Amino acid sequence: MLSKRIIACLDVRDGKLTKGIRFQGNMDIGDPVEAARIYYEQGIDEIVFYDITASSDGRNIMLEVVRRVAETIFIPFSVGGGIRSVEDMRAVILSGAEKVSVNSEAVKNPDIIDEGARAFGSQCVVLGMDVKKVAARPEIPSGYEIVIHGGRIYTGRDALQWAKEGERRGAGEICLNSIDTDGTQEGYENDLTCLVSAAVGIPVIASGGAGRPEHLYAVLTRGEADAALIASIVHYRTYSIGAMKEYLHERGVKVRREW
Amino acid sequence: MIGIIDYKAGNLTSVARALQYLGESWTVTADPRELARCDRIIFPGVGAAGEAMTNLRRLGMDTWLRECLAAGTPLLGICLGTQVIFSHSEENDTPCLGLAPGRVRRFPHGLREGERVLKIPHMGWNRVEFYRPHPVFAGLPVAAEYYFVHSFYPEPADTAHILGRTEYGLRFCSALAHRNLVAVQFHPEKSGAPGLRILANFCRWGGADAQ
């Protein structure tokens, strides 16, 4: 039986680790390679690096980070942020990442999903979605709208329809981030997660809101998520990865406990 | 020296990085002459069976792999590398290498575990239940899990070749062995310490089955 995955999200800027709270007020907390190594040794199932660097020099620094991570940890990891073309994807994958995540760029240019899946296989392409709850209206029937640029721009796209379109275009996985719960540490958006997870045939990673192990339990059961993304809860040593997995295991959620 | 077969099927550097970490010397090459100088061979790959077979034939690798197996060189198949070893794949109805009897099947739609409809690909960490000991899989914790990502699975015709099975709606063959061939559906290079252990064991294995 497949285990539910616990995935640590590391925000990187100019080759250093940050942790954004509601996408503002980031602060440096260290070396991403070292953080990846520690989490790997503590039993994390996967790691997501989110590159918030803007400059092209910064992109090269990130590729160097990816190369060093790939020499250090032997579990899957993905890289997102600033991926604008198949060539950007190729650079990240050849540097050693398993998967590449596209978010805002996929909204502006959906063909990047098809092109990425054709070039590297669906298993390499993660569709990242930032979602906000809104009043349901004809073009947003689910009441969840896709937002981009850290939640600043509303796109007029329905989250549920976008998830299905992403799958149809060849995304191998969806990373579903709720802007409403992100940074709150008060729990994931379980309703949204359940809605999307039930509607697509590809794995869904729930993101945004983990503060306590019971939040992971809720989203992996009631929310029907295949994986749960965590950040602050682990970055600030509130709970260890082992403790979270034990909590889930005791409640009947299958997780990887031997590493 | 370990030869990693390069046939343009995905990114092969992760296997090389794992060997590097283990302190093994390796070469990634599409040249049969260079591979022939290696003590052992890793046959990795991700992607589609059809394209893989086209590339393998173009490179003369179909013939070379057959000779390699006959010569007794230890050979490790990983993921797509494992699948194309068989006679046929349901992935676009592709005839494969036929180095081991059997076929590769697609996970059926609507596969269930209890109430839940299972997602395809089978992606993430899962166990392997081993049926018998084998030097390449020695010393692994029973509860260890391995990283999988695939929509097709091998079905050996000779069940004696099946070393281990994994449960995902059905119990598929996730590890097999036949003489100097071992093959896994999961990715040992991405499966943490137990995966590295398999690679390290393979690097010391002489090519004889335990049986």
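Going down the list, the sequences are from chains A and B. Sequential numbering of the first sequence, starting at 6, is according to our numbering. Sequential numbering of the second sequence, starting at 35, is according to our numbering. Backbone N, C-alpha and C fix where the C-beta goes; we use that ideal spot for every residue, glycine too. Every value quoted in this text rests on a predicted model; they were computed, and no experiment measured them.
Count Cβ pairs between the stretch 243-250 of chain A and the stretch 55-69 of chain B that sit closer than 8 Å; are there 3 or more? no
Beta-carbon neighbours of A75 (chain A), restricted to chain B and to distances below 8 Å: Residue mapping note: residue 75 (chain A) aligns to position 70 of the first sequence, counting from 1. Going along chain B in sequence order, the residues near A75 (chain A) (Cβ under 8 Å) are T47, S48 and R51.
Rounded to a whole number of angstroms, what is the C-alpha to C-alpha distance between R67 (chain B) and M157 (chain B)? Here residue 67 (chain B) corresponds to residue number 33 of the second sequence, with the count starting at 1. Here residue 157 (chain B) corresponds to residue number 123 of the second sequence, with the count starting at 1. Computed Cα separation, rounded: 36 Å.
Among A:S202, A:R242 and A:S237, whose alpha-carbon lies nearest the alpha-carbon of L225 (chain A)? Position 220 of the first sequence holds residue 225 (chain A). Ranking A:S202, A:R242 and A:S237 by Cα distance to L225 (chain A) puts A:S202 first.
Who are the near neighbours of F79 (chain A) in its chain, counting only those whose CB is closer than 8 Å to its CB and skipping five residues on each side? Reading the first sequence from its first residue, position 74 is the one you call residue 79 (chain A). Counting only Cβ-Cβ distances below 8 Å, and skipping sequence neighbours, we find Y45.
Where A86 (chain B) falls, given that 16 or more other Cβ within 10 Å makes a residue buried: Numbered from 1 along the second sequence, position 52 holds the residue referred to as residue 86 (chain B). It counts as buried.
W159 (chain B): which of A:K259, A:L7, A:G48 and A:E263 sits nearest, CA to CA? Numbered from its first residue, the second sequence carries residue 159 (chain B) at position 125. Ranking A:K259, A:L7, A:G48 and A:E263 by Cα distance to W159 (chain B) puts A:L7 first.
Compare the C-beta of V183 (chain B) against all C-beta atoms of chain A and say whether one is closer than 8 Å. If you number the second sequence from 1, residue 183 (chain B) lands on position 149. Yes - at least one Cβ of chain A is within 8 Å of the one on V183 (chain B).
Spatial neighbours of N89 (chain B) within its chain, please: CB distance less than 6 Å, with the 5 preceding and 5 following residues excluded, ordered by chain position. As a working note, residue 89 (chain B) is residue 55 in the second sequence. So the qualifying residues of the chain are Y41 and K42.
Under the three-state reduction of DSSP, which class applies to W239 (chain B): helix, strand or coil? Mapped onto the second sequence, residue 239 (chain B) falls at position 205. Coil.
Quick one: using the 10 Å Cβ neighbour count with 16 as the cut-off for buried, is A215 (chain A) buried or exposed? Position 210 of the first sequence, counting from 1, holds the residue named residue 215 (chain A). With 16 or more Cβ atoms within 10 Å of its Cβ, A215 (chain A) is classed as buried.
Which residues, in chain order, does the stretch 145-177 of chain B contribute to contact with chain A at a C-beta distance below 7 Å? E147, K153, I154, P155, H156, M157, G158, W159, N160, P175 and A177
Counting contacts by CB-CB distance shorter than 8 Å, is L7 (chain A) in contact with chain B? Your numbering for residue 7 (chain A) matches position 2 in the first sequence. Taking Cβ atoms only, chain B reaches closer than 8 Å to L7 (chain A), which makes this a yes.
Which stretch, first to last residue, makes up the alpha helix (DSSP H) that contains W167 (chain A)? On the first sequence, position 162 is the one that residue 167 (chain A) refers to. Start and end: A164 to R174.
Let me know if L99 (chain A) comes out buried or exposed under the rule of 16 or more other beta-carbons within 10 Å of its beta-carbon. Against the first sequence, residue 99 (chain A) aligns to sequence position 94. The residue in question, L99 (chain A), is exposed, as its Cβ has fewer than 16 Cβ neighbours within 10 Å.
Euclidean distance between Cα positions of I26 (chain A) and E179 (chain B): In the first sequence, the residue the question calls residue 26 (chain A) occupies position 21. In the second sequence, the residue the question calls residue 179 (chain B) occupies position 145. Unreliable placement is indicated for I26 (chain A), whose pLDDT of 32 sits below 50; the coordinate value is still reported in the next sentence. Taking the straight line joining both Cα atoms gives about 33 Å.
Would you identify the three-state DSSP class for F28 (chain A), choosing helix, strand or coil? Reading the first sequence from its first residue, position 23 is the one you call residue 28 (chain A). Residue placement at F28 (chain A) cannot be trusted, given a pLDDT of 31 that sits under 50; what the coordinates show is reported in the next sentence. F28 (chain A) carries a coil assignment under DSSP once its states are collapsed to helix, strand and coil.
Beta-carbon within less than 8 Å of F186 (chain B)'s beta-carbon, same chain only, minus the 5 sequence neighbours each way: which residues are those? The count along the second sequence starts at 1 and reaches residue 186 (chain B) at position 152. The answer, listed in chain order, is A83, Q117, S123, E124, E125, V138, R139, R140 and F141.
Indicate the three-state DSSP secondary structure (helix, strand or coil) for G87 (chain A) in the structure shown. Here the question's residue 87 (chain A) lines up with position 82 in the first sequence. Here G87 (chain A) sits in coil by DSSP.
From H168 (chain B) to T200 (chain B), what does the alpha carbon distance come to, in whole angstroms? Your numbering for residue 168 (chain B) matches position 134 in the second sequence. Your numbering for residue 200 (chain B) matches position 166 in the second sequence. Roughly 17 Å between the two C-alpha positions.
Alpha helix (DSSP H) runs contained entirely in the stretch 203-263 of chain A, provided each spans 4 or more residues: 218-226, 237-240 and 246-255
For the candidate residues A:L253, A:N195, A:A96 and A:T23, whose alpha-carbon lies nearest to that of S237 (chain A)? Residue 237 (chain A) sits at position 232 when you count from the first residue of the first sequence. Cα-wise, what sits closest to S237 (chain A) is A:T23.
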